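Quick note: the working numbering has the sequence shown finishing at residue 545, numbered continuously throughout.
We treat Cβ as the ideally placed atom computed from N, Cα and C, and that holds for glycine.
Just so you know, these numbers come straight off a predicted model, no measurement behind them.
This report concerns only the one structure given below.
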Amino acid sequence: MSYDVVVPTGGRETLAALLVALGGGDGPLPGRIVVVDDRPAPAGPLALGDPPESLRELIEVHAGEGRGPAAARNTGWRRSRSRWVAFLDDDVLPEPGWRQALARDIDALADRAAGSQGRIRVPLPAERKPTDWERNTAGLERARWATADMAYRRDVLSALGGFDERFPRAYREDADLALRALDAGWEIAEGKRITVHPVRPAPRLVSVALQAGNADDVLMRALHGPGWRARADAPRGRLRRHLATTVAGAAGAAVLATRGPSKPSAALLGAWLAGTGELAWNRIAPGPRTPSEVTTMLMTSALIPPAASAHWIRGQMDRRRLLRHPPSKRPLPEAVLLDRDGTLIHDVPYNGDPSRVEPLPGAVEAVDGLRAAGVQLAVISNQSGVGRGLIGERDVAAVNSRVEELLGPLGPWLVCPHAPGDGCRCRKPLPGLVLAAAERLGVSPESCVVIGDIGADIEAARAAGARGVLVPTKATRREEVAAAPVVADSLREAVETILGPGGGA
Ligand SMILES: [Mg+2]
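Pasting the structure below:
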């Protein structure tokens with residue numbers, strides 16, 4: 041069982057405690073712990089506290105650019121390399137033995153299982169009734185598929201395109217992904233591992249702010265149909281009552297303003313008051329009736345119905361625009377395998393001289409774009425100059441180092457040193473280098489894209505089951521261009537073809 045842990049974080053100090061908790065107890069260590077720093081404007085490096093020795097080497101921090109938890113989790117799992125990805129929120133505390141329990145949960149899964157859900161425990165005060173906010177947090181214990189602790193198979197995430205970034209908050213993006221997995225025929229199991237989710241301090245108006253989720257519910261219904269709540273076990277909530285209360289209040293105020301006090305205005309405002317009062321009582325009754333809690337409940341109960349209504353209307357207005365921009369259906373490749381000569385750098389035949397290395401225009405931006413998208417890289421290069429006795433392996437290595445000096449790290453280098461008559465299995469157009477690169481990167485050849493400048497690159501890709509993108513140069517033969525499945529004018533354009541418009545920019 042191999043797994044990576046992905047934690048998106050807004051920079052909360054709870055992250056340090058999570059890392060400590062993750063290090064406790066037995067069980068297999070993750071391959072890596074990918075922390076995605078999703079602070080919109082980081083003021084400095086992310087504070088990781090003092091992680092246990094055993095985990096320190098495994099932690100990688102990536103920038104999430106403040107685009108929200110769905111985008112941050114996508115950034116995270118795309119940088120993971122293990123078969124399983126365990127998502128944890130940055131404010132949870134896995135119980136001691138969590139790693140062992142996760143391994144057991146995953147081992148017990150059926151072949152059709154794409155995911156395993158952890159059990160969330162929200163500790164509540166024993167000595168008094170829980171507040172509205174505490175009860176709200178405790179709802180996580182009953183939520184299905186909450187990414188506070190949720191493990192998914194990486195290949196399923198890849199096939200589904202990951203989280204839908206049209207869900208901008210930590211709300212419904214988890215249920216949306218799970219429903220898409222179920223639609224694709226997968227199962228999601230309930231695990232036995234336990235993660236504690238303490239109640240965090242929240243601002244007084246948190247319950248009003250949470251009404252933004254009504255817009256996400258509109259998108260859920262548009263994407264998954266009216267039956268989505270039943271499938272996701274999501275209670276209906278009070279939206280209809282909030283709308284009625286808001287309409288009554290607004291109409292009552294309008295009638296009062298235009299015609300002065302009258303029976304209709306009194307009736308409408310009475311209905312508004314009744315609706316607001318009922319909501320307030322429903323929230324006050326089960327809680328601690330302290331002056332502070334009661335005041336908060338009265339104040340927020342007046343604000344919640346109009347806030348819910350406004351967010352619902354906003355969701356309705358955004359719905360069409362969002363539906364017109366579905367996330368890319370074609371998943372990103374796991375890796376891009378780059379030819380060297382004529383693709384990354386100008387082709388100098390049998391070059392053994394690092395000083396003659398010159399990147400092609402746009403090569404730096406192109407490989408940067410691939411790295412930014414979390415796509416792994418490798419270089420696959422025929423160097424028959426070695427087999428022909430024109431240059432040595434050391435010359436090739438020196439040239440390759442120079443390429444990386446100019447373009448940055450390009451992943452493993454797979455070089456075929458043989459001459460055409462040597463009968464090797466690696467010289468392109470044979471698939472050997474593509475297969476070896478995929479193996480080195482731990483991905484399937486089908487999830488790789490090869491970019492090269494001649495037909496042999498594209499043939500090698502095809503023979504290995506990978507996709508090929510040809511970026512012809514003047515030296516490329518016309519029939520090679522005609523035979524290529526995808527042709528791009530430049531390396532930059534090839535990368536755009538792979539990542540989508542603006543991808544990696
Ligand atoms: Mg070439």
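Straight-line Cα distance separating residue j from residue i
| i | j | result |
| --- | --- | --- |
| Ser441 | Asp379 | 15 Å |
| Ile99 | Ala515 | 45 Å |
| Arg159 | Asp145 | 11 Å |
| Ala477 | Arg354 | 48 Å |
| Asp223 | Asn422 | 44 Å |
| Gly67 | Arg269 | 36 Å |
| Asp435 | Ser424 | 12 Å |
| Pro165 | Pro241 | 14 Å |
| Thr49 | Pro208 | 14 Å |
| Lys303 | Leu283 | 22 Å |
| Asp189 | Glu533 | 39 Å |
| Ser530 | Asp129 | 40 Å |
| Lys468 | Arg359 | 49 Å |
| Ala545 | Leu400 | Low confidence applies here, because Ala545 scores a pLDDT of 40, under 50, leaving its location unreliable and the question unanswered by this model. |
| Thr235 | Ala178 | 13 Å |
| Ala252 | Leu142 | 33 Å |
| Asn254 | Pro452 | 47 Å |
| Leu95 | Gly64 | 10 Å |
| Asp462 | Cys456 | 11 Å |
| Glu486 | Val526 | 16 Å |
| Ala413 | Leu539 | 8 Å |
| Glu53 | Asp78 | 13 Å |
| Leu338 | Gly448 | 59 Å |
Assigned exposure category for residue i - 16 Cβ within 10 Å defines buried
| i | result |
| --- | --- |
| Trp321 | exposed |
| Glu520 | buried |
| Thr330 | exposed |
| Lys232 | exposed |
| Glu499 | buried |
| Ala418 | buried |
| Leu363 | exposed |
| Asp172 | buried |
| Pro266 | exposed |
| Ser561 | The structure shown does not extend to residue 561, since the chain is modelled only from 41 through 545, so no value can be given for it. |
| Ala501 | buried |
| Arg118 | buried |
| Asp90 | exposed |
| Gly472 | buried |
| Asp497 | buried |
| Arg220 | buried |
| Arg323 | buried |
| Asp151 | exposed |
| Asp131 | buried |
Minimum C-alpha distance to residue i - residue among the options
| i | options | result |
| --- | --- | --- |
| Ala153 | Glu213, Glu230, Ala81 | Glu230 |
| Ser120 | Ala148, Gly495, Ser198, Pro134 | Ser198 |
| Asn391 | Val509, Gly429, Leu58, Pro134 | Gly429 |
| Arg507 | Gly253, Pro373, Gly409 | Pro373 |
| Leu446 | Pro91, Glu205, Glu398 | Glu398 |
| Leu58 | Phe127, Glu181, Ala459, Val490 | Phe127 |
| Arg517 | Thr537, Ile538, Pro525, Gly495 | Gly495 |
| Gly202 | Ala314, Ala522, Thr115 | Thr115 |
| Pro275 | Val426, Ala112, Asp257 | Asp257 |
| Val490 | Arg465, Ile324, Val509 | Val509 |
| Met260 | Glu205, His237, Pro301 | Glu205 |
| Arg184 | Pro170, Ala218, Thr177, Arg161 | Ala218 |
| Ala290 | Asp273, Gly310, Ala272, Arg278 | Gly310 |
| Pro460 | Ala111, Gly402, Gly427, Thr54 | Gly427 |
| Asp387 | Gly448, Ala413, Thr513 | Thr513 |
| Arg411 | Leu450, Ile431, Ala438, Ala297 | Leu450 |
| Glu444 | Pro170, Val407, Leu263 | Val407 |
| Arg161 | Leu149, Arg175, Ala215, Val45 | Arg175 |
| Gly505 | Arg480, Ala523, Pro367, Leu470 | Leu470 |
Strand pairing of residue i, partner residues [DSSP]
| i | result |
| --- | --- |
| Phe203 | According to DSSP, Phe203 bridges with nothing at all. |
| Asn422 | Cys456 |
| Gln157 | Met190, Glu230 |
| Glu100 | Val74 |
| Trp124 | Tyr43, Arg193 |
| Leu377 | Ala418, Val490 |
| Gly508 | Val490 |
| Leu338 | Answer is none; Leu338 lacks a bridge partner. |
| Thr235 | Pro134, Ile160 |
| Val527 | Leu510 |
| Thr177 | DSSP output for Thr177 lists no bridge partner at all. |
Chain D within 7 Å of residue i, Cβ atoms only
| i | result |
| --- | --- |
| Ala221 | Looking at the structure shown, chain D is missing, and only one protein chain is on hand. |
Just the residues with CB closer than 7 Å to a heavy atom of ligand 1, in chain order, which are they?
-> Here the list is Asp379, Arg380, Asp381, Gly382, Thr383, Asp387, Gly492, Asp493, Ile494, Asp497.
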